[in-house]
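This note's numbering numbers the first residue of the sequence shown as 104 and each following residue consecutively.
Input: a single structure, listed below in structure tokens.
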Amino acid sequence: MGVTGCGKSTVGASLAQRIGAEFADADDFHPASNVAKMTAGIALTDADRWPWLEEVASWLASRDEAVVACSALKRSYRDLLRAVAGDVMFVHLAAPQSVLEPRVRLRAERDGHFAPPGLLDSQYATLEPLEPDEPGGAVDVETADAAAVTDAALHLVAGRP
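If you want it as structure tokens, here you go:
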């Protein structure tokens, strides 16, 4: 989980491969209307997010073990994922906005990703970090490379109750 550009897809795919789980990128579950809004730099509302999160949760619930790269910015979003999918653990990939802005800009220019750097403002405003009673933990992605972040995420997942 985390804001755009924090490495959810890269780390999630690597983590899934290492633990032998199926992987999905929650961006692939967005309806075209959500992608169009984000491409235009318009932040999604809760009304935009709920149906998308329900699709992600249903996908998780239909698998024994899976990893999904999903922003899950608010606790209420994470609560929905847990309510539908059951035993869900969150790894919050965290970094300051100033670190992620250049990454998001480069990704948009190089890969044509739909999320422009301007969406980071709304994502950080919406972000509610994991609370102590939520399963999982945070991994600092400010300076670590993807392999180190995957190792840290694997360590978190291995320590789950």
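Glycine included, C-beta positions come from ideal geometry on N, C-alpha and C.
When C-beta atoms of the stretch 140-148 are compared with those of the stretch 183-194, fewer than three pairs fall below 8 Å, so the two segments do not count as touching. Contact between the stretch 195-202 and the stretch 156-165 is absent: fewer than three C-beta pairs spanning the two stretches fall below 8 Å.
Listed as beta-bridge partners of residue 125 by DSSP are 169.
Per DSSP, reduced to three states, the secondary structure at residue 164 is helical. At a cut-off of 3 residues, the continuous stretches assigned as beta strand (DSSP E) that sit fully inside the stretch 220-254 are 239-243. For residue 197, the pairing in a beta bridge is given by DSSP as 243. When the beta-carbon positions are compared, residue 114 and residue 228 stay at least 8 Å from each other. For residue 188, the enclosing alpha helix (DSSP H) starts and ends at 178-188.
Here the alpha carbons of residue 252 and residue 222 stand approximately 23 Å from one another.
Sixteen is the threshold: since fewer than 16 other Cβ atoms of the shown chains lie within 10 Å of the Cβ of residue 258, the residue is exposed. Annotated as proximal: residue 168 and residue 124, with beta-carbon spacing under 8 Å. Taking residue 244 as the centre and dropping the five residues before and after it, the same chain places the C-beta of 109, 110, 196, 197, 198 and 252 closer than 7 Å to its C-beta, in chain order. Residue 176 is not a Cβ neighbour of residue 120, given a cutoff of 8 Å. Cβ neighbours of residue 230 within its own chain (closer than 7 Å, five residues either side excluded): 106 and 176.
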